[in-house]
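Throughout, the numbering used here is defined as the position within the sequence shown, counted from one, plus 324.
Glycine residues also receive a C-beta, built at the ideal position from the N, C-alpha and C atoms.
First up is the structure itself, then whatever we jot down about it.
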Amino acid sequence: MNDHGRPSAPIILVPGFWLGAWAWDEGAAILRAGGHDVTAITLPGLESADADRSAVTFADHVDAIVAAVTAAPRPAVLAVHSASGFSGYAASDRVPDRIAAMVYVDTAPGIAPLDPDFAEVDKPMVWSEIEAEENLDGLNDDQKEEFRRRAVPVPGDVIRGSVPLTNDTRNDVPSTLICTAFSAEQYQTYARDDPPSFLAGIPLLRNKTWVDLPTSHWPMWSRPTDLARIIGEGANGGIGA
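Structural data, given as structure tokens:
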């Protein structure tokens, strides 16, 4: 129950590239201990390294998120991490009335495709690229090793595919952008003029809140308690830093 005596919104947790629902295990446990109804999902093709990803599309990822949202007993908080900002934003176009709030975890409402020229069947995680390009602040050696061990290649069409966005009311959904590897100021600067595809939806949002949470690009591992608190506040009807 929230402070007004009403049930908290259910929470749907969506991981980013190379990850399954397991990436949210610690954060989901913290949220459940606080009384929240939590569902973490694994997107199609990311079930295991042996999964057949050849026919998995971006639309399949959007459909999987929509299915999780519509299965919730009432409008849900949809928390999306990293590249699932694309599929999560597209899902909000489909069922904005079933989403109580969006939470973008070190990501933004991306407008697909991420890379229309990507031609491979899938994209494996390359650890040397992660170390060179991503913020790993706060991740311990065990977490890094689990990431390397459990990472699953991303289906190629998830990177090059898209779906039409036709419902402008998606931009009225209350949206919180939790900025970890980069600050809120940096996000806003990058999105101001001719934003890249992964930031393209930011100028369109009409109800957005910015929260700085300095840490790695994977705050569900490096600051799980703080991240769970912010998401839980969203489920209770309000988010604060």
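Alpha-carbon to alpha-carbon, residue j and residue i
i	j	result
M449	P479	12 Å
R547	Y428	15 Å
N491	D466	43 Å
A391	T549	27 Å
N495	R530	6 Å
T366	D439	22 Å
P477	S378	11 Å
N326	S332	Confidence at N326 is low in this model, with a pLDDT of 49, below 50, so its placement is unreliable and the value that follows should be read with caution. Their backbone Cα atoms lie some 6 Å apart in a straight line.
F471	V497	32 Å
P437	L463	30 Å
H385	P334	20 Å
V393	I336	7 Å
P538	N459	10 Å
S499	V401	10 Å
R484	G434	13 Å
Buried versus exposed call for residue i [16 or more other C-beta atoms within 10 Å across all chains shown]
i	result
P397	exposed
E457	exposed
A565	Residue confidence is low: A565 scores 35 on pLDDT, short of 50, so the model does not pin down where it sits. No coordinate-derived value is stated.
T493	exposed
N560	buried
G369	buried
A353	exposed
R473	exposed
E557	buried
K452	Rather than Lys, the amino acid found at residue 452 in this sequence is Ser. So S452 counts as exposed.
P516	Before going further, note that residue 516 is Arg rather than Pro in the sequence given. Result: exposed.
T533	buried
L343	buried
W346	exposed
Option nearest residue i by Cα separation, candidates the options
i	options	result
R553	G434, T533, R356 and S499	R356
D374	A407, D446, A400 and A352	D446
D430	A383, E453 and A505	A505
S372	L537, A352 and F341	F341
A443	V482, T363, D496 and H360	V482
G412	M544, F522 and T539	F522
D536	I502, P368, P488 and L463	I502
A395	L551, I423, S499 and E470	I423
V404	A425, V419, R418 and D421	A425
V338	S408, D349 and A383	S408
A415	H541, L489 and P520	L489
F382	D417, S406, I454 and V487	V487
Beta-bridge partners of residue i, as assigned by DSSP
i	result
V478	K447
L337	A364 and A403
L501	Y428 and W534
At 3 residues or longer, what runs of the beta strand (DSSP E) sit wholly inside the segment 521 to 558? 532 to 536
Please list the segments of the beta strand (DSSP E) lying wholly inside the segment 364 to 441, counting only runs of 3 or more residues, in order along the chain. 400 to 405 and 423 to 429
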